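Residues in the sequence shown are numbered consecutively from 1, following this note's numbering. Note that the Cβ used here is the ideal one computed from N, Cα and C, for glycine as well. Small disclaimer: the values here were computed from a predicted structure and weren't measured. Remarks on the structure that follows.
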Amino acid sequence: HTVNIAEHYLLNTRLYNSILLCFFQGEEIDSLQKIHIFNMEKLKNSELRLAEAEQKIRELALNIKRKEELIKELVRTGKDAQSVSRQYSLKITKLEQEIEQAKRELAETQKQLQELDSKELRDIPEKVMLQRACQKKMEAAKLKVQREARELEQKMAQMKHQQSKIQKRLCEESEKKKQLEAELQQDQQQIKVGFFLFPYDKE
Numbered sequence: 001h002t003v004n005i006a007e008h009y010l011l012n013t014r015l016y017n018s019i020l021l022c023f024f025q026g027e028e029i030d031s032l033q034k035i036h037i038f039n040m041e042k043l044k045n046s047e048l049r050l051a052e053a054e055q056k057i058r059e060l061a062l063n064i065k066r067k068e069e070l071i072k073e074l075v076r077t078g079k080d081a082q083s084v085s086r087q088y089s090l091k092i093t094k095l096e097q098e099i100e101q102a103k104r105e106l107a108e109t110q111k112q113l114q115e116l117d118s119k120e121l122r123d124i125p126e127k128v129m130l131q132r133a134c135q136k137k138m139e140a141a142k143l144k145v146q147r148e149a150r151e152l153e154q155k156m157a158q159m160k161h162q163q164s165k166i167q168k169r170l171c172e173e174s175e176k177k178k179q180l181e182a183e184l185q186q187d188q189q190q191i192k193v194g195f196f197l198f199p200y201d202k203e
């Protein structure tokens, strides 16, 4: 009878242990499943943040390229404006040289006329004809000087107006270029540092 009780106790103990083992195994499996689901969610979120970061990098790279093109265009515009200014300067220099040449021609004609007046030519008609030719030449030289002086004055006024516009435009574009360069540097720094990249989970 005592043996039967012992066997019964042992059987119950084994059964209890089996039940406990199944229970704890079930708990462990459930816990592992939860951990697996949690890790899968973390992986999915990380992949989403990575995709967003890669998209941000592509957008920044495109933005950088666009700003670099704008800066190049501003540099070209500045060079074009300086070229226009140089062209005006060359035209004015040429006009000034032409005026000086016309003045020299006028002075030479006046000198010839004075020399002609001082000479006692026997042939009076020839002297009159030469005087008239010199006077005509002198009048033409005077008109040329006056015409070129007016043209020079107009060119000077145009140049001053153009230079004022160019200077204003260059100042505006210089500021715009500085702003673009600052933004470009900031964009490049964002890509270099990568602060916008998804943070790693600490859990």
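Would a C-beta distance cut-off of 7 Å place L184 and I92 closer than the cut-off?
For the purposes of this step, residue 184 is identified with residue 184 of the sequence shown, where counting begins at 1. For the purposes of this step, residue 92 is identified with residue 92 of the sequence shown, where counting begins at 1. With a cutoff of 7 Å on beta-carbon distance, L184 and I92 are scored as not near each other.
Using 10 angstroms around the beta-carbon of V3, count the other beta-carbons present and answer buried if the total reaches 16, otherwise exposed.
Within the sequence shown, the letter at position 3 stands for residue 3. The predicted model places V3 with a pLDDT of 45, which falls under 50 and marks its position as unreliable; any figure quoted below should be read in that light. So V3 ends up on the exposed side.
Judging by CA-CA distance, which residue of R150, Q186, L48, K111 is the nearest neighbour of K137?
Within the sequence shown, the letter at position 137 stands for residue 137. Nearest neighbour of K137 by Cα position, chosen from R150, Q186, L48, K111, turns out to be K111.
Who are the Cβ neighbours of E108 in its own chain at under 7 Å, not counting the five residues just before and after it?
Reading the sequence shown from its first residue, position 108 is the one you call residue 108. For E108, there are no CB contacts under 7 Å within the same chain when 5 residues up- and downstream are skipped.
Should the segment 37–45 be called in touch with the segment 156–174, which here means at least 3 C-beta pairs below 8 Å?
Fewer than three Cβ pairs drawn from the segment 37–45 and the segment 156–174 lie within less than 8 Å of each other, which leaves the two stretches out of contact.
Residues in its own chain within less than 6 Å of K144 by CB, not counting five upstream and five downstream?
Indexing the sequence shown from 1 puts residue 144 at position 144. Apart from the 5 residues on each side of it in sequence, K144 sits with its Cβ closer than 6 Å to the Cβ of A102 in its chain, given in chain order.
Whether E69 touches E148 by CB criterion (7 Å)
Here residue 69 refers to the residue found at position 69 of the sequence shown. Here residue 148 refers to the residue found at position 148 of the sequence shown. At least 7 Å separates the beta-carbon of E69 from that of E148.
Rounded to whole angstroms, what is the Cα-Cα separation between Q186 and E153?
Residue numbering aside, residue 186 sits at position 186 when the sequence shown is read from its first letter. Residue numbering aside, residue 153 sits at position 153 when the sequence shown is read from its first letter. In a straight line, the C-alpha of Q186 is about 49 Å away from that of E153.
Determine the closest residue to K72 out of C134, K178, Q188, L50, with distance taken between C-alpha atoms.
Looking up residue 72 in the sequence shown gives position 72. When only C-alpha atoms are compared, the closest one is K178.
Write down the C-beta distance between L113 and Q135 rounded to the nearest angstrom, noting that I regard them as a contact closer than 8 Å.
For the purposes of this step, residue 113 is taken as the residue at position 113 of the sequence shown. For the purposes of this step, residue 135 is taken as the residue at position 135 of the sequence shown. Your pair L113 and Q135 checks out as a contact, with CB atoms roughly 7 Å apart and the cut at 8 Å.
Give every residue of the same chain whose Cβ lies closer than 8 Å to the Cβ of E151, excluding the five residues on either side of it in the sequence, and list them in chain order.
Working through the sequence shown from its first residue, we reach residue 151 at position 151. These residues qualify, in order along the chain: L95.
Between the Cα of K142 and those of Y88, R104, A157, spot the shortest distance and give me the residue it belongs to.
The residue you call residue 142 lines up with position 142 of the sequence shown. Checking every option, the nearest Cα to that of K142 belongs to R104.
Give a yes or no on whether the minimum CB-CB distance between Q163 and chain B is below 7 Å.
Checking the listed chains, one finds no chain B in this structure; it contains a single protein chain.
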